[in-house]
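Peer 1: Sharing a structure with you now.
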Amino acid sequence: MPEIVKVAIVGSGPAGASAAAHAAKLGMAHVLLERTDHASDTIYKYQKGKFVMATPDILPLRSDLQFQAGKREVILGAWDQGLEDHQVNIRFNADVEAISNKDGVFTLSIRGGDPVLAENVVLSIGLQGNINKLRCKGADLPFVQYQLDDPDEYEAETIVVIGAGDAAIENAVALSRLNTVIIINRRGEFARAKQSNLSLITDAISRGDVQCYYNASPSLIEPGMIVLETEDGEAKVPCDRIIARLGASPPRKFVESCGIEFPSSDAGALPEVSETYESNVPGLYIIGALGGYPLIKQALNQGYEVVEYIAGNAIAPADQPILEERFSGMGDVKVNEVLAAIRKSIPIFAGLNPLLLRETMLESKVHVLKEGEIVFQRNDYSDTFFTVFRGTVGIQINPADPTQMVTLGEGEFFGEMGLISGRRRTATVVAAVDCVLFETTRRTMLKLIQSVDDVRRAMDKTAILRQVQMYLTPGVPAEDLQSLVETAEIHRFKAGEVLFEEGDEGDHMHLIRAGSCTISKRIGGKDVVLNYVPSGNYVGEMALLSDMPRSATVRAAHNVESICITGQSFKALMQSNESVRTAVESKFRERIRSNEQMEGRPEAGNIIQFLVEQGVGEGTDVLLIDESLCVHCDNCEKACAETHDGISRLDRGAGPSFATIHVPTSCRHCQHPHCMADCPPNAIHRAPDGEVFIDDSCIGCGNCQRNCPYGVIQMASPPEEKFDLFGWLMFGKGPGPGDKTHLSNDKSTGAGGDVIKRAVKCDMCKGIDGGAACVRACPTGAAARVSPEDFMSLAMLGR
Amino acid sequence: MAHESILIYRKFRYLKWALLLVAISSVLYIAHAPVGSPNGGTWLGYTLGTISAGLMVWLAWFGIRKRSYKGSSGRLEDWLSAHVYLGLALLIVATLHSGFQFGWNIHTLLYALMMGVALSGAVGLYFYSRFPRLLSQNRGGLSAEVMLSQIADLDRDIRTLAMTLDDQTNNVVYESIKNTRIGNDFLRQLSGTDPQCPTSAARHYVERAGGQGLSTARRDLLARLVKKEGLLRRLRRDIQLRLGLQVWLYVHVPLTFAMLAALIAHVVTVFYYW
Amino acid sequence: MKVLVKYITRKTSGGTAVREENFDSEVVAFGRATTCDVELPDSRVLLQHAQIVRRSESLYIEALAGETVSVNGHLVKTRRIHEGDELRIGPYVIILETPETQAEITLSVEMTAPQDDELASLLARSKLRTDEVGISKRQLSWMMFVAVLAAILIIPMVATWFSGSGRIDISAMDRSALTHAPTTLWNTGELSSSHRFFGNSCEVCHVQPFVPVQDGTCTSCHPKISHHADPHMFAFASFGDTACQSCHKEHQGKESIARDDQAFCADCHQDLSSHAAETTLLNVTDFALDHPGFRPSVAKNVAAHVMDRKLAMSDTPTPTENSGLIFNHEDHVRADGVEHPEKGNIQLECSNCHVSDDGGVSMLPISFESHCHDCHALRFDTQFPDREMVHGDPLAVFSQISDVYEAVAMRGGYQEPEAPAILRRRPNTTLTAPEKEAAQNWALSKTQEVMNGRFGRGICEECHKVVDDSSSPVWRVEPVYIATQWFPKATFTHKKHNSVDCGTCHAAKTSISSADVLMPTIETCRSCHGGEYATDLVPSTCVDCHRFHQIGLELMQQNSSSAPSLEAAAPEDGQ
């Protein structure tokens, strides 16, 4: 009978290590189980010399391990040191296969090792999950590896890369520079890959840089060679190295196997835990990324706290003081009481577990407003989400007459339209009486929508109603729309997908609530774009009104979310409501007219088509250059560089052209910025005027650069030498304006090396009076910034 | 999108200014009956002279304004538009200042230099108004970078293709790859062509060599050579046009400096021998 | 024979990767072709480049297709090779190594000079941007700037400093002083004809750099230039230190730098009082339009020799003069002529008496001897037809006559019937004392008689005013005072008017009294002369009749000394 430790900690990441260290400090019997042969594998895998940030700064550190922003090596060193100093009982190469609970004692079975018994278990395994391994024989041979840190490590080798995902492709292409590379794809094409990577690999294959076996799977691995099952029989491939990138299976399955429940089936969903991080299985605690806390500092704190809880001391979470400060605006109130009140009075947050709620509040601002104070203005470009905690607010539905207001009471929310469409605010909102509001960041809300079902449901329902009211039937009371909203559903379309074809039966219409579409017609055998429809408009009403088949095809210009309204509910509404009919019919006539007009102007359609293909439709403010005026002086670039510490955020020469319209490589300030998607320190924001910008908290991880499909973000560090106008102009002293040769930014990698590189991108010269420098500095007026709404007019110029 | 050239910019605002200036000076000049014949020494002469000198310095200042990106002194387009029109106005104001007295002296030299600057400027203006369209037509949507990489890719294919062919062909083609140049010296860039482009030579050779029906390899090779030739032509034309957009400045700017020097000399000397 | 080929790839990290290949063949063929035993895939290698063959137990390398192979650095067609030999084919180095297990030949093949990247090399070969062709606007600009500045400003300036510039006194008309300063280029325009001869020595006038040309510089050559108005009376008169410049513009081309447009004068003279309240001059803008009437200078008080300077002809209908002379023009120039003692009846012309001076400006003075005497001989006694009185001094005449009668009294033989006998005696008879005394008394009385008689005083009184004078033994002749300059402020030239008959301007033919002023009125002039802009008349500007620089006024040179009064300055005073 092996001894039963008080706590077994699974995973030696920041959370686990911190917990173990604290347990050791308290003299608690413990064991720290690590799958690999070194602690904190995730951070261990960062690039060498990567600079790690300590966000959020406001959060105080509470752990027995040292941690402040610094180089990967330093931090890892400090932690190893800490584990040593506290004589933490750590077991490497201990891969926990299963956790079972029998009358209060957990049994952790270890792959190829004797199990561990513990009263409590702390799961701090993060989200990285288990790397999938090859299942064929020989999968563990030394020359088979499952990740690649530095492609340039290997040269003049014959390397077989297995897998068809982004990782596999990136590795294969990177390796092919110095090695003979063979990539093995189970399927007939690279379906899972990002667009950019897809073209990358297909080019490489067509050039012969990379050799590819399609529809092939490894059947046997022997030293120096791999045997493949291919369509035409077995193939023996001699090789020096095999790199298998088969992705990782998220830890969910394992976690569920431990009896832990997940709130939703959503892939991104996380298990629920109590304030004390205890899961629905008593004695089984979850901390760190798996508990929904991706930031290192949070994880460290939780490690400390969870051990305290296990030891039975109910200490307040580290963020208590911050929340107190947050709520201080409401007068002196107890944090817990407020949280309780929120749960009670705000339905959309009712479903959140205490920790999630805490975090949401950490990510929220508290606004205490006097009557009549403005929350936000129509056409503001903020994308935060508001909930009414106390009092009521009024939404001015008619910009012409501010007295027309829809009022929202306690527990209701608003601002979700901006959140969904990524467009400007559609109405001004004011405090109807003195009230208290919570303003929650976009990022947090998206996370909630993903992981908490009731949040999503609540959101959608209200959103649909409001959007219909806003865009389709202004001034129609909610109850009249009941049936329409009931039957309406949300459809999502990827770029290029068709909402409906020309000639189809028209039994429904779409209200575009996010993204944008092109309307095109078959003329002389080819699609001619007739119109461009940004979000906030509806399509498909023509067929309904005329009871004719679809007169044109509607295609998603980029990811579209539309509210699909059934034909009869729409017609019913039309009958019942005079004003709506007239409105829709006038729109109908207007559309016929413009279609007629456009059919005569194919070139204009082509321009729209072109712009859409360039993903410009996704943007909110795009820099275009009229080539018929551009004299290639590059003053735009120089101006950009000199107004942004020497680094130009724009590349005039690069980028495609059509007719005389040139789309240079520069940020379009997308409605749903790809760059925001995955920014660890949440350093990318949208300013009220719509600029998407990166603040100083950037840690230079390079995610945004990789995520941007338009390659407008670069990792760079400001040049040491500044441009000195007179010195340069008169005597050629120092770098010229926007002189690239004085810069050390390589677009390929993220941060690396000793100099800390930060992500830089266009910020539309935010905070520089006079507007965008590129446009101001254009001597011939070739450069102009346009928003999708201007496309039609732009195209009609038909140059 | 402001689809208007600097000439019609803001409904000829700066043209109007320029005309106003010219009108005023002309009227004054005609009305003014100085002692002796009109010249730079009368009060009007001094006035016009001061205005002209001011204009010259201001016009030259454009070079600095163009590069001072910080601060918001309006759009550069305004400045250029004004630069053009006031520059032309200067010709007249300065002529009136001279009172049509010319001779073999530095004062007339200054006048001549000013004319030179204006002339080169006019040429530049013409280029600016014409070349951009030619450029984008010639490029047909491809950027120079793309064309270059396409050529590089072609080179790679061509070399590997040629390796499968007889030594003679392989040699010719290989040499052509090694020796094909784009741009190079000033005149080449200006001419926009390369009479003895090795690629064309290679193409001819491959054509002739394959007189008796081309093998597939040869056909592929030939196709690529032709494609490369086309790209080269466009690229050279591209460079020529881009140079055109710059080259006039190599006259305009130095002449401006010469003019400023002459201006200094003019002012100093007329007062040195007052 | 069994062959082992090691394809070696050298890593940048330093290590090497080796791929081995075994085959069995009689000859080992090297070449680009895939069919070769040792494939050397590179453009710089021939399809079939070379081969290794074995003859009688030793190995030979043979180049194919007339090519050569380098063996240990020597280019050869064929050559026997041994272990350790280094062959070079294109970019490949092939070393014949000591045979390894179960191989008779072991070759290591290494690519030493791989093809460089197409794009990189293409870019390396090409120059795509203008600034790559190595012309710098900056350099050009500086060159031009410095060149121009040096050529036209700095060098000339330095040169003038060293070419011992400074004051050149041209007044001496010493041409040798004239330098040819290197600053010709600075000349803004041609010099006026009068200064043309300065050549390029700017320092003659431009004495001090950055200081306008001073009047002193002008007056050093033109000392006699007087003021326009008396600077002591009129503030405006001293135009400052650059007065000359303000009117006389140099570097304006050949023509004279003096001004002649009437506007220039009218500028002030159209409203003089506002410039000089004290002046007595009348306003004028144009000769034809508003020029005041002529105001000639005539004798007023003969005895005191005073001129009435401003006798306006237009004001008084018939202005008179009082010159002390009695003369009747009409009698002299009458149509039926006059009696001449010898020539008999003759017709007198104006020009018989009025002769213009050499300059043809004004008339020479009239004198008795040259103009009157021919007709008007001053005889006093028929007995002495060859004796004439001297013209001028009555006392002299008295003594002259008394001498004549004394002599005759002593000699006798005087034929006058009324004369006493003693005078009529036979000449040269001696007289007794009482006779002598009687003769002398007669002589005295006779003289008295003649002086006051028809032939004495009478003759004088024909032209002159004769008055008794107690202080003197005889009567006295009033002095004559005739104007020589009728219009002192004007410059009239008779010469220019030769073509015109005198009578046109001077009404002498009808003048019976010398009190008449025979000067023409302005109307007379206007009949031919108009203002500057006249089209049907002779265009005449102010300076045709007037000077700017008033002769007799203080000289501009002496900035201020005792100011002579207008009177004293008047040139015509004192005949």
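Residue numbers (this note's numbering), protein chains in the order written: chain W, 331 to 1129; chain R, 375 to 648; chain S, 432 to 1006. Glycine included, every Cβ here is placed at the ideal spot set by N, Cα and C.
1. Using a Cβ cut-off of 7 angstroms, pull out every chain S residue sitting near residue 479/R, in sequence order please.
2. So is residue 506/R in contact with chain W if we call contact Cβ pairs under 7 angstroms?
3. Compute the Euclidean distance between the alpha carbons of residue 975/S and residue 690/S, then round it to the nearest angstrom.
4. Name the chain S residues that come within less than 7 angstroms of residue 537/R, Cβ to Cβ?
5. Applying a beta-carbon distance threshold of less than 7 angstroms, which residues of chain R neighbour residue 969/W?
6. CB residue 806/W to CB residue 728/W, shorter than 7 angstroms?
7. What are the residues that DSSP puts in a beta bridge with residue 568/W?
8. So if I threshold CB-CB distances at 9 angstroms, which residues from the stretch 538-558 of chain S count as touching chain R?
9. Where are the alpha helix (DSSP H) runs, 4 residues long or more, that stay fully inside the stretch 672-726 of chain W, in chain order?
10. What are the residues that DSSP puts in a beta bridge with residue 489/S?
11. If you check the beta carbons only, do residue 749/W and residue 691/W fall under 7 angstroms apart?
12. Count the other CB atoms within 10 Å of the CB of residue 500/R; is the residue buried (16 or more) or exposed (fewer)?
13. Are residue 723/W and residue 762/W touching if we call contact CB-CB under 7 angstroms?
14. Apart from the five residues just before and just after residue 641/W, which ones in its own chain have a Cβ nearer than 7 angstroms to its Cβ?
15. By how many angstroms is the C-alpha of residue 758/S removed from the C-alpha of residue 809/S?
16. Could you name the residues that DSSP lists as bridge partners for residue 821/W?
17. Tell me the residue span of the alpha helix (DSSP H) that contains residue 440/R.
18. Three or more beta-carbon pairs under 8 angstroms between the stretch 552-572 of chain W and the stretch 642-652 of chain W, yes or no?
19. I want to see whether chain S comes within less than 7 angstroms of residue 641/R, judged by CB atoms only; does it?
20. Quick one: residues in its chain with C-beta nearer than 8 angstroms to the C-beta of residue 336/W, no 5 flanking neighbours on either side, listed in chain order?
21. Does the CB of residue 1102/W have a neighbour CB from chain S at under 7 angstroms?
22. What three-state label does DSSP hand residue 683/S in the structure shown?
23. Roughly how many angstroms separate the alpha carbons of residue 924/W and residue 1120/W, rounded to a whole number?
24. Where do the ends of the beta strand (DSSP E) carrying residue 1114/W lie?
25. Measuring CB to CB, does residue 498/S end up less than 7 angstroms from residue 524/S?
26. Which of the three DSSP states is assigned to residue 566/S in this structure?
27. Below 9 angstroms on C-beta distance, what does residue 496/S contact in chain R?
28. So, using beta-carbon positions, are residue 384/W and residue 396/W closer together than 7 angstroms?
29. May I have a chain-ordered list of the beta strand (DSSP E) segments no shorter than 3 residues that lie completely inside the stretch 880-930 of chain W?
30. Going by DSSP in three states, residue 496/S sits in which element: helix, strand or coil?
31. Could you check where the beta strand (DSSP E) with residue 765/W kicks off and where it finishes?
32. Specify, as a first and last residue, the run of the alpha helix (DSSP H) that residue 541/S falls within.
33. Give the interface partners of residue 962/W over in chain R, defined as CB-CB distance under 7 angstroms, in chain order.
34. Determine, using beta carbons only, whether residue 627/R comes closer than 7 angstroms to chain S.
35. Residues in the same chain with beta-carbon distance under 7 angstroms from residue 402/R, minus the five sequence neighbours each way, listed in chain order, please.
36. Does the beta carbon of residue 1029/S sit closer than 7 angstroms to a beta carbon anywhere in chain R?
Peer 2: So, from the data block:
1. Working through the second sequence from its first residue, we reach residue 479/R at position 105. Per Cβ cutoff of 7 angstroms: 616, 617, 618, 619.
2. Along the second sequence, read from residue 1 onward, the residue named residue 506/R stands at position 132. Closer than 7 angstroms to some Cβ of chain W, the Cβ of residue 506/R qualifies, so yes.
3. Working through the third sequence from its first residue, we reach residue 975/S at position 544. Working through the third sequence from its first residue, we reach residue 690/S at position 259. Each residue's alpha carbon lies about 11 angstroms from the other.
4. For the purposes of this step, residue 537/R is taken as the residue at position 163 of the second sequence. Within 7 angstroms Cβ-Cβ: 463, 472, 474.
5. Taking the first sequence and counting its residues from 1, one reaches residue 969/W at position 639. Within chain R, the residues near residue 969/W are 443.
6. Residue 806/W sits at position 476 when you count from the first residue of the first sequence. Residue 728/W sits at position 398 when you count from the first residue of the first sequence. Result no, Cβ atoms of residue 806/W and residue 728/W do not sit closer than 7 angstroms.
7. Stepping through the first sequence from its first residue, residue 568/W is reached at position 238. 555/W.
8. 546, 548, 549, 550, 551, 552, 553, 554, 556, 557, 558
9. 677-680, 684-692, all fully within the stretch 672-726 of chain W.
10. As a working mapping, residue 489/S is identified with position 58 in the third sequence. Looking at the DSSP assignment, residue 489/S forms a beta bridge with 486/S.
11. Residue numbering aside, residue 749/W sits at position 419 when the first sequence is read from its first letter. Residue numbering aside, residue 691/W sits at position 361 when the first sequence is read from its first letter. At the C-beta level, residue 749/W and residue 691/W stay beyond 7 angstroms of one another.
12. Here the question's residue 500/R lines up with position 126 in the second sequence. Its Cβ having fewer than 16 others within 10 Å, residue 500/R is exposed.
13. Mapped onto the first sequence, residue 723/W falls at position 393. Mapped onto the first sequence, residue 762/W falls at position 432. Yes.
14. Counting from one through the first sequence, the residue named residue 641/W turns up at place 311. 356, 358, listed in sequence order.
15. Residue 809/S sits at position 378 when you count from the first residue of the third sequence. Residue 758/S sits at position 327 when you count from the first residue of the third sequence. Using only the alpha carbons, I get a separation of about 17 angstroms.
16. Indexing the first sequence from 1 puts residue 821/W at position 491. For residue 821/W, which the question treats as bridged, DSSP gives the partners 892/W.
17. Taking the first residue of the second sequence as position 1, residue 440/R is located at position 66. From DSSP, the alpha helix (DSSP H) with residue 440/R extends over 417-441.
18. no
19. Counting from one through the second sequence, the residue named residue 641/R turns up at place 267. Closer than 7 angstroms: no.
20. On the first sequence, position 6 is the one that residue 336/W refers to. Excluding residues within five positions, the ones whose Cβ falls inside 8 angstroms are 353, 358, 359, 360, 448, 449, 450, 640.
21. As a working mapping, residue 1102/W is identified with position 772 in the first sequence. Not an interface residue.
22. Here residue 683/S refers to the residue found at position 252 of the third sequence. DSSP places residue 683/S in coil when its eight states are reduced to three.
23. Taking the first residue of the first sequence as 1, we reach residue 924/W at position 594. Taking the first residue of the first sequence as 1, we reach residue 1120/W at position 790. Computed Cα separation, rounded: 15 angstroms.
24. Counted from its first residue, the first sequence places residue 1114/W at position 784. Looking at the DSSP string, the run of the beta strand (DSSP E) that includes residue 1114/W is 1113-1116.
25. Counting from 1 along the third sequence, the entry for residue 498/S is found at position 67. Counting from 1 along the third sequence, the entry for residue 524/S is found at position 93. No Cβ-Cβ contact shorter than 7 angstroms links residue 498/S with residue 524/S.
26. Position 135 of the third sequence, counting from 1, holds the residue named residue 566/S. Of the three classes helix, strand and coil, the one that applies to residue 566/S here is coil, per DSSP.
27. Locating residue 496/S in the third sequence gives position 65, counting from the first residue. In chain order: 541.
28. On the first sequence, residue 384/W is found 54 positions in, with the first residue counted as 1. On the first sequence, residue 396/W is found 66 positions in, with the first residue counted as 1. For residue 384/W and residue 396/W, no; Cβs fall outside 7 angstroms.
29. 883-886, 890-896
30. Along the third sequence, read from residue 1 onward, the residue named residue 496/S stands at position 65. Reduced to three states, the DSSP call for residue 496/S is coil.
31. Here residue 765/W refers to the residue found at position 435 when the first sequence is read from its first residue. Segment 765-770, the beta strand (DSSP E) holding residue 765/W.
32. Numbered from its first residue, the third sequence carries residue 541/S at position 110. Careful: residue 541/S lies outside any alpha helix (DSSP H), inside the beta strand (DSSP E) at 536-542.
33. On the first sequence, residue 962/W is found 632 positions in, with the first residue counted as 1. Result: 616, 619.
34. Residue numbering aside, residue 627/R sits at position 253 when the second sequence is read from its first letter. By this cut-off, residue 627/R is an interface position.
35. Against the second sequence, residue 402/R aligns to sequence position 28. Closer than 7 angstroms at the Cβ level, and outside the excluded window around residue 402/R, lie 418.
36. Residue 1029/S is absent from the model: chain S starts at 432 and stops at 1006.
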